[in-house]
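In terms of our numbering, the sequence shown opens at residue 7 and continues consecutively. Even glycine gets a Cβ: it sits at the ideal position worked out from N, Cα and C. Predicted model, so just to flag it, every value in this text is computed and none were measured.
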Amino acid sequence: MQNDQLSEARQVNNQTHAWLDSLLTSGVSEAAAVTGMMNALVERALVNGGTPKTAKWLRGQARQIEKNGDALIEAFAAHKGGG
Numbered sequence: 007m008q009n010d011q012l013s014e015a016r017q018v019n020n021q022t023h024a025w026l027d028s029l030l031t032s033g034v035s036e037a038a039a040v041t042g043m044m045n046a047l048v049e050r051a052l053v054n055g056g057t058p059k060t061a062k063w064l065r066g067q068a069r070q071i072e073k074n075g076d077a078l079i080e081a082f083a084a085h086k087g088g089g
């Protein structure tokens, strides 16, 4: 990703957290909200990229989480703190 795309992705990330927070405040469970969001993302990926590409992307995401999950949590926390 280029710098402008990364900046836009950060903005979308922040907006997504705000939307998730509003869903939780309105009484939607976190599990339902996250599952619904994930299903929508997978649906978009399948429609736009097809099954093999989506499966490859999801496997890559899973590998990143398995390999770097703790570091990702720290990085996300640092970003929220302005780091």
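Integer Cβ distance of residue i from residue j, believed to fall under 8 Å
i     : j     : result
Leu26 : Ala39 : 6 Å
Ala46 : Trp63 : Not confirmed; about 15 Å, so no contact.
Val48 : Thr60 : 7 Å
DSSP-derived helix/strand/coil call for residue i
i     : result
Gly89 : Because Gly89 sits at a pLDDT of 45, beneath the cut-off of 50, its placement in the model cannot be relied upon, and the point is left open.
Gly56 : coil
Met44 : helix
Within-8 Å CB hit, residue i to chain C
i     : result
Asn19 : The chain labelled as chain C is not found in the depicted structure, where only one protein chain is given.
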